[in-house]
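S.K.:
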Amino acid sequence: MENINSTKQAFIAGEVALVGAGPGDPDLLTMQAYRFIKQAEVVIYDRLVSAAIMALLPRDCQQIYVGKKQADHRVPQEGINQLLVDNALLGKKVVRLKGGDPFVFGRGSEEAQFLLSNGVACHIVPGMTAASACTSYAGIPLTHRKVARSCTFITGNVQDNGALDLPWQALNDKEQTIVFYMGIKSLPIITAQLIQAGRDVNTPAALIRKGTHQDQQVVKGTLANLTALVALHNIKPPSLIVIGDVVGIFQSKQLTNLGYLSPEIPA
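Numbering (the numbering used here), first residue to last: 8 to 274.
(1) Which residue from Asp207, Lys227, Arg206, Gly205 puts its Cα closest to that of isoleucine 215?
(2) Only counting the same chain, and skipping five residues up and downstream in sequence, which positions put a Cβ closer than 6 Å to that of isoleucine 131?
(3) For aspartate 53, does the count of other Cβ atoms within 10 angstroms reach 16, so buried, or fall short, so exposed?
(4) Judging by CA-CA distance, which residue of Gly21, Val102, Ile19 is the nearest neighbour of tyrosine 41?
(5) Taking 8 Å as the threshold (C-beta atoms), are valine 50 and lysine 71 in contact?
(6) Which residue's Cα is closest to the Cα of alanine 119: Glu22, Asp252, Thr37, Asn209?
(7) Answer with buried or exposed for tyrosine 188, where buried requires no fewer than 16 other C-beta atoms within 10 angstroms of its C-beta.
(8) Kindly provide the ranges of any beta strand (DSSP E) runs that are 3 or more residues long and lie completely inside the segment 196 to 262, ordered along the chain.
(9) Under the rule that 16 or more other beta-carbon atoms within 10 Å means buried, what is proline 245, buried or exposed?
(10) Taking the continuous alpha helix (DSSP H) assigned at arginine 42, which residues delimit it?
(11) If we ignore side chains and look at the alpha-carbon of each, how far apart do lysine 105 and serine 157 end up?
(12) From isoleucine 87 to methionine 38, what does the alpha carbon distance come to, in whole angstroms?
(13) If you run the structure through DSSP and keep just helix, strand and coil, what is phenylalanine 187?
(14) Looking at threonine 162 and phenylalanine 276, is the spacing between their C-beta atoms short of 8 Å?
(15) Out of Val92, Ala138, Ile202, point me to the one whose CA is closest to glutamate 117's CA.
(16) For glutamine 69, which beta-bridge partners are listed by DSSP?
(17) Look at leucine 149 and valine 253 and say whether their C-beta atoms are less than 8 Å apart.
(18) Indicate the three-state DSSP secondary structure (helix, strand or coil) for asparagine 88 in the structure shown.
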């Protein structure tokens, strides 16, 4: 059994906190994330951290933007790693603020490895990952009894050679919900491969753009017409792709506000 100190670890100068900011709505921040954000002396943040969450930082906190837009990283990952170490070694309380959860497609584990190898301690502060929070705000459960008994999170980023190498046959399960992060550009490949693997073309599917934000956009369709819906509704990143029968559990008209389902369906 590992010997773990279960008391709350203080955030001290010279340390880094890898903080998950969630998908955008500040109400979804954990109390722990809020506590670390309010102590930040230097914050190194990504594009997907909302303005509402940035507004919670202390007034005198130094803010360093590192981008991380798909296929357009303003500061390469190696540079971000070094920024974290350099600022920690200056004796600062450094917050690495990431959209979603730092350990879910967030490279948080890579940054933690680099920090530790350079003698810097780090705090891991979980955040609500987009697949959970955005689907909930869109009225889509990830699992539902007798409909979906499993859920898989997948990155839709293609490899350098343009291929998307995934276990497609393993994704051919009617009772499995699939959520693709960063998959809008590779959506034609995703739908074609899933259909080829045997997934029903009429499987309900949804696109969620800017989930949990006030301008959240939810478009529902099927596996067959999902690519056409991207063009029709001008869906752009950041967006999630949700595939599975859970998409049809609630009627679109029942979602009358973010994360609010109403029995009174508007006429």
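Using N, Cα and C, we set each Cβ at its ideal position, and we do this for glycine too. These numbers were taken from a predicted model, which means no experiment stands behind them.
M.R.: Taking the definition as stated:
(1) Lys227
(2) Leu25
(3) buried
(4) Val102
(5) It is worth fixing the name first, because residue 71 is isoleucine in this sequence and not lysine. Contact: yes.
(6) Glu22
(7) Answer is buried; the Cβ neighbour count reaches 16.
(8) 211 to 216, 224 to 229, 246 to 250
(9) Taking a 10 Å sphere around the C-beta of proline 245, we find 16 or more other C-beta atoms and assign the residue as buried.
(10) Segment 38 to 44, the alpha helix (DSSP H) holding arginine 42.
(11) 26 Å
(12) Their Cα atoms are separated by approximately 26 Å.
(13) strand
(14) Any property of residue 276 remains undetermined from this structure, which presents the chain solely from 8 to 274.
(15) Val92
(16) Val49
(17) yes
(18) helix
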